[in-house]
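For reference, the structure discussed in these notes is given below.
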Ligand code: KIV
Ligand code: ZN
């Protein structure tokens, strides 16, 4: 019988620690709901003590996301553990995840302690956490560079103190698969009470081996793998959840393990995280990259047409990826559109359906063919959660090779006011965003947000392709993301900017549901 392996998702904690990947509360809740749908076993919702915002989001996830364990990270300190417990105590299945470094370099230079002091602190803090919560995970930070006798000793101590899971992180991505698998085997053979706890692994990708190391550890007997959607995380990231899940599924003949993952939710999870963080996957990213199922060369196309298994070891449908087929046109009705969305796995409420259908009609008027990818892009661009303070009413640009670009933008506020401004800029998009700045600057927030990132890409091929704009803005020390999609890239840029501004105004309490 196959062994069931747990997936511990840390997208909202380690993933969010990656530069430029911060998420707002609303986005974190949406990601957590999607992770629950995906079927992960544990969601590490954040690091409660890190900031009031982190605490708030861990608590909100613990209170609302059901059917999955919710963990908060805590250093091995009473105040961290208290804060983690306070944030997660209302969860259906709370878990405190506490950690302390165990490698000589961390002990000497970072902690400035002796190994005995580290041992005492770890054991004491696990006992303390266990008095609060029945489920406690202890991580030996930098385990892969720790001395084995000390690692065995501390693992035995924390398990005796009540740790239910012991995590072996390859914190700096230094391990090699054979070696890391052997480490797990050694731990199983040398820690006398190891059968009282689940062995977990947490691998970073500095040398591109995070997934391989995690799988080698699972093969050697680890019962939990920690991972992130799209492989986000500190530096080069963590082991990618979608790669772990699809390896275990596609090569179940070799691994003989199962997970709780509904693989058909993988694509949605990847898009959801990309939308929340504003960070897209590289096109050739395994499993969820844009090109992961694209067959470009004639020989491959020919083979795939004769029999898909010639070049496809997994199907796009198995991860919930819509095939890029032409499906709907400008004569398609609202009902057909709704049914099509449902077939693509998206059930939307009445209000969002109306907004999407209006966008679809606009698009069908401009584009000859509307593909599933186009519809996915519309879904990403039409806000599904936030009441919008500002909507684009109209814009006019004046631009060319020998004149300064000018843009006139008119926005409509949720209270009914129309505001119009003109601005110049370095090209039509810059001019349009400057015009938006002049409207909101003068209006609500007193100063314009800072543009942290802006990226444009096309959704499908051809000169009539939709453009997708992604924007990240910073305001009051926080970042907000927005996506805009249109066949007109200036419009896509304005929409993306407004979506980010609306998220910012919603979070800062300027508008209320
Ligand atoms: O990489 C690491 O060691 C961590 C621990 C806190 C689990 O993220
Ligand atoms: Zn980590």
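Numbering (the numbering used here), first residue to last: 5 to 517. Where a beta carbon is used, it is the ideal one built from N, C-alpha and C, also for glycine.
Measuring only the C-alpha atoms, how far is residue 437 from residue 496? 11 Å
Any C-beta of chain D sitting closer than 8 Å to the C-beta of residue 20? Protein chains in the displayed structure number just one, and chain D is not present.
Start-to-end residues for the alpha helix (DSSP H) that takes in residue 129: 119-136
Leaving aside the five residues before and after residue 41 along the sequence, list all residues of the same chain whose C-beta is less than 6 Å from its C-beta, in chain order. 269
To which residues of the same chain is residue 46 closer than 6 Å at the C-beta, ignoring the five residues directly before and after it? 12, 73 and 75
Output yes or no for whether 8 Å exceeds the beta carbon distance between residue 324 and residue 240. no
Does residue 499 come out as helix, strand or coil in the three-state DSSP assignment? helix
So the candidates are 108, 62 and 293; which of them puts its Cα closest to the Cα of residue 20? 62
For residue 286, is the classification buried or exposed, using 16 other Cβ atoms within 10 angstroms of its Cβ as the cut-off for buried? exposed
In whole angstroms, give me the CA-to-CA distance for residue 365 and residue 308. 33 Å
For my contact list, residue 101 and residue 80 are in at a C-beta cut-off of 8 Å; report their separation, rounded to the angstrom. That pair is no contact at about 11 Å.
Residue 246 and residue 204: beta carbons closer than 8 Å? no
Enumerate, from N- to C-terminal direction, the unbroken alpha helix (DSSP H) stretches of 4 or more residues contained entirely within the segment 247-303. 256-259 and 270-281
Answer yes or no: the CB of residue 110 versus the heavy atoms of the ligand ZN, is any distance below 7 Å? no
Roughly how many whole angstroms lie between the Cα atoms of residue 194 and residue 143? 18 Å
Member of 261, 267, 237 and 258 whose CA lies at the smallest distance from the CA of residue 250: 267
Residue 332 versus residue 375: straight-line alpha-carbon distance, rounded: 7 Å
Cutoff 7 Å; reference residue 106; Cβ partners in own chain excluding five residues on either side: 122, 144, 145, 146, 147, 150, 154, 155 and 158
DSSP beta-bridge partners for residue 485? 476
Which residues in the same chain have their Cβ closer than 6 Å to the Cβ of residue 295, if we skip the five residues on either side of it in sequence? 287 and 288
Would you say the beta carbon of residue 87 is closer than 7 Å to some non-hydrogen atom of the ligand KIV? no
Residue from 409, 344, 211 and 8 whose Cα sits closest to the Cα of residue 180: 211
Beta carbon of residue 60 nearer than 8 Å to that of residue 33: no
Given that a residue counts as buried once 16 or more other Cβ atoms are within 10 Å of its Cβ, and exposed if not, what is residue 440? buried
Within 10 angstroms of its Cβ, does residue 418 collect 16 or more other Cβ (buried), or is it exposed? exposed
Write down every uninterrupted run of the beta strand (DSSP E) in the segment 385-458 whose length is 3 residues or greater and which is fully enclosed by it, in chain order. 394-402, 409-417 and 422-429
My output table needs one value for residue 87: the three-state DSSP class, helix, strand or coil. helix
Quick check: the Cα distance between residue 36 and residue 66, rounded to an integer number of angstroms? 10 Å
Cβ of residue 272 versus every heavy atom of the ligand ZN: is any distance shorter than 7 Å? no
Take residue 508 and list the residues in its own chain whose beta-carbon comes closer than 7 Å to its own, dropping the five residues that flank it on each side. 453, 477, 479 and 484
State yes or no: is the C-beta of residue 237 nearer than 7 Å to some heavy atom of the ligand ZN? yes
Answer yes or no: the CB of residue 102 versus the heavy atoms of the ligand ZN, is any distance below 7 Å? no
Would you check whether the ligand ZN has a heavy atom nearer than 7 Å to the C-beta of residue 175? yes
Look up residue 377 in the DSSP assignment and give the residues it is bridged to. Bridge partners of residue 377: none, in fact.
Cβ neighbours of residue 172 in the same chain (closer than 6 Å, five flanking residues each side left out): 147 and 205
Using only the alpha-carbon positions, how far apart do residue 516 and residue 506 sit? Note that residue 516 scores 37 on pLDDT, short of 50, meaning its location in the model is unreliable and no value can be drawn from it.
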